[in-house]
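Under the working numbering, read the sequence shown as residues 15 to 119, first letter to last.
This report refers to the structure that appears directly beneath it.
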Amino acid sequence: MPPDVPDNMMERLPYYQSKYNTAKKIHVYFVKSKDRHTGKMGYFYAIASSALHDRMMYCLKNDGFIPNFAVIVEQGEGEPTKDIKAKVKAYYGFDHDAAETGASS
15 MPPDVPDNMM ERLPYYQSKY NTAKKIHVYF VKSKDRHTGK MGYFYAIASS ALHDRMMYCL
75 KNDGFIPNFA VIVEQGEGEP TKDIKAKVKA YYGFDHDAAE TGASS
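Right under this line is the structure:
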């Protein structure tokens, strides 16, 4: 590469920056569940790239599972405790209580 061309020139292009910024944004998903064997209610908090939101929603609505590109960050039986909600809010910016009331976070 010529000395006057920076080695990260592609990273400075607006198209690349837009794709990069989109890829590093995440969505947090709160998924209620029911154990097939015990019948107990449970929950999962999963995260996935914002770029995969449509695929994530399709998998949750149509296939009924959390896809392998998502990461489960918390799970448990019943409803999440205040401590779990606070942890998810602190780590990922997801305000569980605001989401339930329809407020934006």
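No residue lacks a Cβ here, since even glycine has one placed at the ideal position from N, Cα and C.
Run of the beta strand (DSSP E) containing residue i, from where it starts to where it stops
| i | result |
| --- | --- |
| His-41 | 40-48 |
| Ile-61 | 55-63 |
| Ile-86 | 85-91 |
Proximity of residue i and residue j at Cβ, strictly below 8 Å
| i | j | result |
| --- | --- | --- |
| Glu-88 | Tyr-59 | yes |
| Ala-84 | Ile-61 | yes |
| Tyr-57 | Lys-46 | yes |
| Lys-126 | Glu-91 | With the chain covering only 15 through 119, there is no way to say anything about residue 126. |
Segment limits, alpha helix (DSSP H) that includes residue i
| i | result |
| --- | --- |
| Arg-26 | Where Arg-26 is concerned, there is no enclosing alpha helix (DSSP H), given that its DSSP letter is neither H nor E. |
| Asp-97 | 96-106 |
Simplified DSSP state of residue i, which is helix, strand or coil
| i | result |
| --- | --- |
| His-51 | coil |
| Asp-109 | coil |
Spatial distance of residue i from residue j (CA atoms)
| i | j | result |
| --- | --- | --- |
| Gly-78 | Tyr-29 | 34 Å |
| Leu-27 | Ile-98 | 40 Å |
| Cys-73 | Thr-95 | 26 Å |
| Arg-69 | Ala-104 | 26 Å |
Given 8 Å, three or more beta-carbon pairs between the region 64-79 and the region 100-110: These segments do not touch.
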